[in-house]
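Chains as they are written, first to last, in the UniProt record's numbering: chain A, 1 to 95; chain B, 1 to 187. Glycine included, C-beta positions come from ideal geometry on N, C-alpha and C.
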Amino acid sequence: MISIDMFAVTSIAILVTMTLALVRAMFGPTVFDRVLALNTFGTKTVLLICVVDFMTGRDDFLDLALLYSLMNFIGMVALLRFAEYGSFSDEGVSP
Amino acid sequence: MSSLIDFPILALLAITAVTIARMRDLWAAIMFTGIYSFLSASWMLILDAPDVAFTEAAVGAGIATVLMLSTLALTGKKDRQLAHAPIMPFFLVLITGCVLVYGTLDMPHFGDPNAPIQLHPNPSFVEKSQHDMHGLPNVVTAVLASYRGYDTLGETTVVLTAGIAVMIILRKEKDDGDQEASTETIS
Numbered sequence: 001m002i003s004i005d006m007f008a009v010t011s012i013a014i015l016v017t018m019t020l021a022l023v024r025a026m027f028g029p030t031v032f033d034r035v036l037a038l039n040t041f042g043t044k045t046v047l048l049i050c051v052v053d054f055m056t057g058r059d060d061f062l063d064l065a066l067l068y069s070l071m072n073f074i075g076m077v078a079l080l081r082f083a084e085y086g087s088f089s090d091e092g093v094s095p
Numbered sequence: 001m002s003s004l005i006d007f008p009i010l011a012l013l014a015i016t017a018v019t020i021a022r023m024r025d026l027w028a029a030i031m032f033t034g035i036y037s038f039l040s041a042s043w044m045l046i047l048d049a050p051d052v053a054f055t056e057a058a059v060g061a062g063i064a065t066v067l068m069l070s071t072l073a074l075t076g077k078k079d080r081q082l083a084h085a086p087i088m089p090f091f092l093v094l095i096t097g098c099v100l101v102y103g104t105l106d107m108p109h110f111g112d113p114n115a116p117i118q119l120h121p122n123p124s125f126v127e128k129s130q131h132d133m134h135g136l137p138n139v140v141t142a143v144l145a146s147y148r149g150y151d152t153l154g155e156t157t158v159v160l161t162a163g164i165a166v167m168i169i170l171r172k173e174k175d176d177g178d179q180e181a182s183t184e185t186i187s
């Protein structure tokens, strides 16, 4: 019983962190504040999935958490390439 | 215990949606759609639908973000300021939402043991699949690859076609450095 309570406390802590990251992404003045906030948010989503899986006692969703972190990385690379070049290639059409 | 996670995630989803609707910086709005996809995917996962969550994460957070960013590269980064508050579309969306909620009233409750999904896939699948499939032990594999084989083949073809289309859209015109750019943005 005590372990379940600890999982609940951990997930609440992660949810609070997610909320803080969301607030930073909303108010972030620069692009990189927002990128960092989004990256933090994705990482916390992965952690939340892991904690919830162990809380409900079925740890077969861990590969999904792995997929989420991969998707987070790819999305981050795409966003940063766009922020750097204004397109996905160096000589692309600039907006 | 599940509602402890459910309600905060739903609240975060609502906050994100309102933020997307109010945001005029399109680049940041695309970022927030990524957050929205991650949130809704993890919510689906908590509702015990990992296959839907898988698709949502791959399509919503991955491909859709890349596609919208490449659209943004061809158009502008900023949305124009509206002169007046758009009341009419708001009511339209509100009415549509109410109709959708009304439509869910007929559906069985979550986890209802008498729901058709719990009753319909009758035990004969489990009993017969090993004989039908000549000893294949996994029932899910038997259903996906044999009973629904044509369906799965069609789905795989659709996904492959979508991937090829995205690669064609995102490839660079010049030949040098073509390879690694397209694989980086797509995979």
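Counting only unbroken stretches of 4 or more residues, the alpha helix (DSSP H) elements lying wholly within the region 93-159 of chain B are 116-119, 124-132 and 139-142, in sequence order. In this structure, the alpha-carbon of Ser11/A lies about 14 Å from that of Leu20/A. In this structure, Ala73/B is the residue among Ala29/B, Thr161/B, Ala145/B and Ala73/B with its C-alpha nearest to the C-alpha of Tyr85/A.
Just measuring C-alpha positions, the residue of Arg58/A, Met26/A and Ile14/A sitting nearest Ala21/B is Met26/A.
Trp43/B is the residue among Met133/B, Gly76/B, Arg148/B and Trp43/B whose C-alpha sits nearest the C-alpha of Leu64/A. It is roughly 13 Å from the alpha-carbon of Leu105/B to the alpha-carbon of Gly97/B. Separation of Phe32/A and Val140/B (C-alpha to C-alpha, rounded to the nearest whole angstrom) is 44 Å. Taking the beta carbon of Leu20/A as reference, no residue of chain B falls within 8 Å; the closest one sits roughly 11 Å away.
Nearest to Asn39/A by C-alpha distance, out of Arg81/A, Gly75/A, Phe82/A and Ala83/A, is Gly75/A.
Leu67/B and Val166/B do touch by the CB rule: their CB atoms are close to 7 Å apart, below 8 Å. Counting along the chain, Thr40/A sits inside the alpha helix (DSSP H) bounded by residues Val31 to Thr56. Thr55/B and Met88/B have their C-alpha atoms some 33 Å from each other. The beta carbon of Phe110/B does not come within 8 Å of any beta carbon belonging to chain A, so the residue lies off that interface. Burial is judged here by how many other beta carbons sit within 10 angstroms of a residue's own beta carbon; Val46/A has at least 16 and is buried.
Straight-line spacing of the CA atoms in Asp51/B and Ala145/B works out to 16 Å. Non-local C-beta neighbours of Ala58/B in its own chain, meaning closer than 8 Å and more than five positions away in sequence, are absent. Within 8 Å of the CB of Ser11/A, the CB atoms of chain B belong to Leu4 and Ile5, in sequence order along the chain. With respect to the 8 Å criterion, Leu39/B and Phe61/A are not classified as neighbours on the basis of their beta carbons.
At a C-beta separation below 8 Å, Leu45/B has these neighbours in chain A: Ile49, Val52, Phe61 and Leu64. Here Leu4/B is not near Ala13/A, since their CB atoms are 8 Å or more apart.
The closest CA to that of Leu67/A, considering only Gly57/A, Gly42/A and Arg58/A, is found on Gly42/A.
Approximately 11 Å separates the beta-carbon atoms of Leu36/A and Met31/B; this is outside 8 Å, ruling out the contact. Between Thr30/A and chain B, the shortest Cβ-Cβ separation is not below 8 Å. In its chain, beyond the 5 residues on either side, no residue has a beta carbon closer than 7 Å to the beta carbon of Ala14/B. Closest in C-alpha terms to Asp25/B, from the list Arg34/A, Met18/A and Thr17/A, comes Arg34/A. In the structure shown, Asp6/B falls within a helical segment according to DSSP collapsed to helix, strand and coil. Inter-residue distance for Leu94/B and His109/B is about 24 Å (C-alpha atoms, whole angstroms). Excluding its 5 nearest sequence neighbours in each direction, Met133/B has C-beta neighbours in its own chain below 7 Å: Ala142 and Ser146, listed in chain order.
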